[in-house]
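Numbering (full-length UniProt numbering), first residue to last: 1 to 250. Below is one structure; the comments refer to it alone.
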């Protein structure tokens, strides 16, 4: 029995370990996103940011415009007018993009991934940190690099909002040798937003991506409490029934 339990535990751990490593993003410190899926205004702002800055390359092809509009409380006419940039798209269509996959692979080295489930794969803290970790690097094809995702192949699409982050270096000694690494960033030339406003914009975007990866999360959690309450009540009834049934036997 002990061997069976140990083997089962090892199997579960081996399955979960790759996910935990991927979500943690290596040894990089991750800032807390502090998302709130009940904040509908934040989700609406996040959807607007995604469609304005991300949807040109990335899709959320497992979501539909109409479902997003309904869930986030966006009237369909406003959805069509402000968040649907494909003139041929219908409100019931999937949220794909029109960028040719072969052309995207040529421009970026690989087709930009679909982001419907990115928050579930990477984790919301990883996304929040990643989008705030770009810095200027003239040696990279798009002139930027990223602390959380070194040698990233993606441009800093939110640079107009944040500004141009500059790297802040630190020196670490490993095996007696000094290594210069990028430890943080600073923004000397601000964009359209202040640092606080930019952080909130990123939080809204990550909030939307978390919703996109699990649209029924709040409903599922609410239902879970009812299920737990039912099981608790059912357990009490079963215990009382058992006592009543066995009373005459003993």
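For every residue, glycine included, the Cβ atom is placed at its ideal position computed from N, Cα and C.
Residue 207: member of the alpha helix (DSSP H) spanning 195 to 213, first to last residue.
Nearest C-alpha to residue 191 among 68, 164, 50, 48: 164. Taken atom to atom, the span from the alpha-carbon of residue 111 to that of residue 177 is near 38 angstroms.
Exclusion of the five residues before and after residue 42 leaves 204, 207 as the residues of its chain whose Cβ lies within less than 6 angstroms of its Cβ.
The C-beta distance from residue 119 to residue 213 rounds to 4 angstroms, short enough to meet the 8 angstroms contact threshold.
Excluding residues up to 5 positions away in sequence, nothing lies with its Cβ nearer than 6 angstroms to the Cβ of residue 200 in the same chain. Here the segment 227 to 247 does not lie against the segment 149 to 158, with fewer than 3 beta-carbon pairs under 8 angstroms apart. In the structure shown, the three-state DSSP call for residue 163 is strand.
Around the beta carbon of residue 134, 16 or more other beta carbons sit within 10 angstroms, so the residue counts as buried.
In the displayed model, residue 148 falls within coil according to three-state DSSP, outside both helix and strand. For residue 133, the secondary structure class from DSSP, reduced to helix, strand or coil, is coil. As a beta-bridge residue in DSSP terms, residue 94 pairs with 64. By the Cβ test, the segment 46 to 66 is in contact with the segment 85 to 96, since at least three Cβ pairs between them sit closer than 8 angstroms.
Going by beta carbons, residue 168 and residue 183 fall inside the 8 angstroms limit. Secondary structure at residue 235: helix, using DSSP grouped into helix, strand and coil. For residue 189, no alpha helix (DSSP H) segment is defined; the enclosing uninterrupted segment is the beta strand (DSSP E) at 177 to 190. A distance below 7 angstroms between beta-carbons, with the five flanking residues on each side excluded, links residue 128 to the following residues of its chain, in chain order: 31, 33, 202, 203, 206.
Take the alpha-carbon of residue 54 and the one of residue 222: they are about 31 angstroms apart.
Just measuring C-alpha positions, the residue of 132, 108, 130 sitting nearest residue 141 is 108. Separation of residue 147 and residue 198 (C-alpha to C-alpha, rounded to the nearest whole angstrom) is 18 angstroms. Comparing C-alpha distances from residue 123 to each of 35, 70, 232 shows the shortest one belongs to 35.
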